[in-house]
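**Q**
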Amino acid sequence: RKFILSEREFTLTYYNKQDESKGPKAVISIKDLNATFQPQKISHPHGLQISYQGEDHIRNLYVYHEGSEEIVSWYNAIRAARYAYLKTAYPTGSNEELVPKITRNYLKEGYMEKTGPLQKEPFKKRWFILDSENRKLLYFRDKLDAEELGVLFIGTESNGYSIKACAPKHARGNKWKCGIRVETPERQFVFMCEQEREQREWLDALRKVLCRSMSPQDHTVEANMKYKK
Numbered sequence: 001r002k003f004i005l006s007e008r009e010f011t012l013t014y015y016n017k018q019d020e021s022k023g024p025k026a027v028i029s030i031k032d033l034n035a036t037f038q039p040q041k042i043s044h045p046h047g048l049q050i051s052y053q054g055e056d057h058i059r060n061l062y063v064y065h066e067g068s069e070e071i072v073s074w075y076n077a078i079r080a081a082r083y084a085y086l087k088t089a090y091p092t093g094s095n096e097e098l099v100p101k102i103t104r105n106y107l108k109e110g111y112m113e114k115t116g117p118l119q120k121e122p123f124k125k126r127w128f129i130l131d132s133e134n135r136k137l138l139y140f141r142d143k144l145d146a147e148e149l150g151v152l153f154i155g156t157e158s159n160g161y162s163i164k165a166c167a168p169k170h171a172r173g174n175k176w177k178c179g180i181r182v183e184t185p186e187r188q189f190v191f192m193c194e195q196e197r198e199q200r201e202w203l204d205a206l207r208k209v210l211c212r213s214m215s216p217q218d219h220t221v222e223a224n225m226k227y228k229k
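Mapping of the sequence shown onto UniProt numbering: residues 1 to 229, in sequence order.
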């Protein structure tokens, strides 16, 4: 794939083929872009995950380069473009406020089983990503899927959210027994982990987000959330 990063236009454009006459596959705004190294997930030592906000989904690109210097150069260039964008979007923001927003690693990733809103639907294995900076728990059919199936917003207890360990009830199709219940003002979610260790790690990670106070931007994101099955 051919990629073009424009700091002037705050875009990352990529093409399926070298022939640019057919137009770009996507023009990605730097505004909501994140990049994080994922060598284990991609099964390549120089693997990079690029995530961005599509029209109504979070989308992922998984890229790599055989040369370590080249992929690090791209990563640093993306960070520089993100920083330039943030300085424009938040002109009064200090470096202390802006630097953590440039790019971020995800607090926790892994498989859990998920059931539907009635909690009587069959459990299905899904890949979850906890984006703590944006207070979002995203889930995918598999770990290298390009598009998320759904997303939960994790607010605070004072705003009607809670996170607890639970045991499966009326479960269909679930093979795993270490449960997590996430309460939101809209609905209740139940997930199953394979082992108690995974359950503890997910509970600890989710509670870190739950305990952090919400910013004005967080309240805006929460108001725009639409839950899927």
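Cβ coordinates follow ideal geometry from the N, Cα and C atoms, glycine included.
These figures come from a predicted structure and were not determined experimentally.
Quick check on Asn-34: buried or exposed, where buried means 16 or more other Cβ atoms within 10 Å of its Cβ?
**A** buried
**Q** Where do the N-terminal and C-terminal ends of the alpha helix (DSSP H) with Ser-51 fall, by residue?
**A** Unbroken run through Ser-51 is the beta strand (DSSP E), 47 to 53; no alpha helix (DSSP H).
**Q** In this structure, does DSSP put Trp-176 in helix, strand or coil?
**A** It is coil, neither helix nor strand.
**Q** With DSSP run on the structure shown, which of helix, strand or coil describes Asp-131?
**A** Asp-131 carries a strand assignment under DSSP once its states are collapsed to helix, strand and coil.
**Q** Would DSSP call Pro-161 helix, strand or coil?
**A** The amino acid occupying residue 161 in the given sequence is Tyr; Pro does not appear at that position. Coil, per DSSP.
**Q** Which residue's Cα is closest to the Cα of Ile-28: Lys-17, Leu-12, Gln-38?
**A** Leu-12
**Q** Which value, in whole angstroms, describes the spacing of the CA atoms of residue 238 and Tyr-83?
**A** Because residue 238 is not part of the residues shown, which for the chain are 1 to 229, the question remains open.
**Q** For Ile-30, which of Pro-39, Tyr-15, Phe-10, Tyr-14 has the nearest alpha-carbon?
**A** Phe-10
**Q** Look up Leu-138 in the DSSP assignment and give the residues it is bridged to.
**A** Ile-129, Val-151
**Q** Is it the case that the segment 51 to 58 contacts the segment 66 to 82, given that we only count it when at least three CB pairs across the two stretches are under 8 angstroms?
**A** Fewer than three Cβ pairs drawn from the segment 66 to 82 and the segment 51 to 58 lie within less than 8 angstroms of each other, which leaves the two stretches out of contact.
**Q** Assuming contact is defined by CB atoms lying nearer than 8 angstroms, are Val-190 and Gln-119 in contact in what I supplied?
**A** It is a contact, given that the beta carbons lie within the stated cut-off.
**Q** For Gln-188, which three-state DSSP category applies?
**A** strand
**Q** Among Glu-66, Asp-32, Glu-196, Thr-36, which residue has its Cα nearest to the Cα of Pro-45?
**A** Among Glu-66, Asp-32, Glu-196, Thr-36, the Cα nearest to that of Pro-45 belongs to Glu-66.
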